[in-house]
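What follows is a set of notes on a single structure, which appears directly below.
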Amino acid sequence: MSDVQRVAKKIDGKAFAENMRRRIAVQVEKIKSSHGITPGLAVILVGEDPASQVYVRNKGKQTAECGMTSLEFKMPATATEEEVLAKVEKLNNDSDVHGILVQLPLPDQINEAHVINAISPDKDVDGFHVINTGRLATGQKAMVPCTPAGCVVLIKDVLGNDLSGLKAVVIGRSNIVGKPVAQLLLNENCTVTQAHSRTKNLPDECRAADILVAAVGRPNMIEGDWVKPGACVIDVGINRIAAPERGEGKMRLVGDVDYESACQVAGSITPVPGGVGPMTIAMLLAATVTACCRIEGLVEP
Ligand code: NAD
150 MSDVQRVAKK
160 IDGKAFAENM
170 RRRIAVQVEK
180 IKSSHGITPG
190 LAVILVGEDP
200 ASQVYVRNKG
210 KQTAECGMTS
220 LEFKMPATAT
230 EEEVLAKVEK
240 LNNDSDVHGI
250 LVQLPLPDQI
260 NEAHVINAIS
270 PDKDVDGFHV
280 INTGRLATGQ
290 KAMVPCTPAG
300 CVVLIKDVLG
310 NDLSGLKAVV
320 IGRSNIVGKP
330 VAQLLLNENC
340 TVTQAHSRTK
350 NLPDECRAAD
360 ILVAAVGRPN
370 MIEGDWVKPG
380 ACVIDVGINR
390 IAAPERGEGK
400 MRLVGDVDYE
410 SACQVAGSIT
420 PVPGGVGPMT
430 IAMLLAATVT
440 ACCRIEGLVE
450 P
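Sequence positions in the sequence shown follow our numbering and run 150 to 450.
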């Protein structure tokens with residue numbers, strides 16, 4: 150591949166997120182010094198899923214690094230729905246807590262929708278509460294899901310603030326990524342196609358996209374010749390595949406987009422890792438500051 154010219158600009162989500170976190174730390178300091186309020190984020194982790202434990206640890210670390218209060222509540226995998234609901238209710242009523250996040254997935258005995266919809270919509274920093282989903286869909290001030298919000302921030306950084314009339318194709322229709330990404334791009338006046346597992350002629354749909362967002366969870370599915378020349382490609386997928394070149398039993402992360410072929414056609418593209426992934430926590434921290442300002446009646450940064 151080295152003799153083939155790569156045309157795409159690599160979208161460095163890691164560097165962007167680092168900058169964001171620095172700006173958030175400054176905002177937090179101002180809120181503390183001007184109002185004596187410290188934004189607080191509470192994360193509930195039920196069970197011992199290793200990936201979730203890593204996510205929660207990173208969230209806590211970065212929250213504290215930005216000067217916010219980070220609270221972590223670990224509950225056993227055997228916790229009942231009532232116990233988790235009681236914890237949520239306690240945090241809803243805790244005035245030091247401005248953001249509440251329940252790490253998903255939850256164990257089978259717990260209904261995720263019940264728990265998510267028990268979070269106060271004003272403290273719902275993940276933006277998954279049905280009220281926030283409805284607000285987003287109807288153009289009202291909402292708490293917006295973090296990964297989708299991070300995608301749009303990166304897209305605007307590359308294409309500018311005005312995305313009007315651009316054709317966007319979002320592959321995936323999950324509630325946590327695909328649907329909110331499509332909704333956000335629609336709110337930006339893009340012409341949006343929501344593709345999914347039953348979409349016919351997916352490569353042709355993709356070839357029409359000025360903005361192509363992949364949120365599928367299938368390694369390297371989107372090939373370079375599915376990409377419109379010059380398109381902005383956002384790869385949300387995080388897939389772990391075997392990497393025998395790194396040693397026996399070793400794994401590595403790849404996205405849903407075949408990076409090598411796509412970056413010869415795209416105008417810009419997020420790598421995996423180092424693209425959308427790091428933006429998620431940065432957007433969570435920003436959402437906590439936003440929630441704090443709204444709840445406390447402060448001007449939003
Ligand atoms: P999901 O499994 O809930 O949804 C996947 C979607 O892909 C479905 O809507 C399905 O219709 C669609 N799909 C499946 N096979 C398809 C096919 N062959 N062609 C077209 N569409 C197909 O997954 P999710 O939770 O939305 O996550 C998607 C990916 O994004 C995963 O790899 C996940 O790990 C990753 N993810 C990353 C972040 C982050 O970067 N912070 C956050 C959330 C999810």
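Glycine included, each C-beta is placed from N, C-alpha and C at the ideal position.
By the neighbour-count criterion, in which 16 or more other beta carbons inside 10 Å mark a residue as buried, residue 262 falls on the exposed side. Minimum Cα-Cα distance from residue 339 among the listed residues 349, 304 and 351 corresponds to 304.
The ligand NAD never approaches residue 419 closely enough for any of its heavy atoms to be under 6 Å from the residue's Cβ.
A contact is defined here as three or more CB-CB pairs under 8 Å, and the stretch 310-318 meets this definition with respect to the stretch 329-347.
Between residue 240 and residue 195, the C-beta spacing is not below 7 Å. Not a single heavy atom of the ligand NAD lies less than 6 Å from the C-beta of residue 201.
When secondary structure is reduced to three states using DSSP, residue 343 falls in the strand class.
A check of alpha carbon separations from residue 324 across 313, 297, 309 and 347 identifies 297 as the nearest.
Counting along the chain, residue 336 sits inside the alpha helix (DSSP H) bounded by residues 327-336.
In this structure, residue 278 has its CB at a distance of at least 6 Å from all heavy atoms of the ligand NAD.
According to the DSSP assignment, residue 391 belongs to the beta strand (DSSP E) that extends over 388-391.
Taking each of 295, 204, 216 and 190 in turn and checking the Cα distance to residue 245, the smallest one comes out for 190. C-alpha of residue 377 to C-alpha of residue 422: approximately 23 Å in a straight line. With a cutoff of 7 Å on beta-carbon distance, residue 164 and residue 272 are scored as not near each other.
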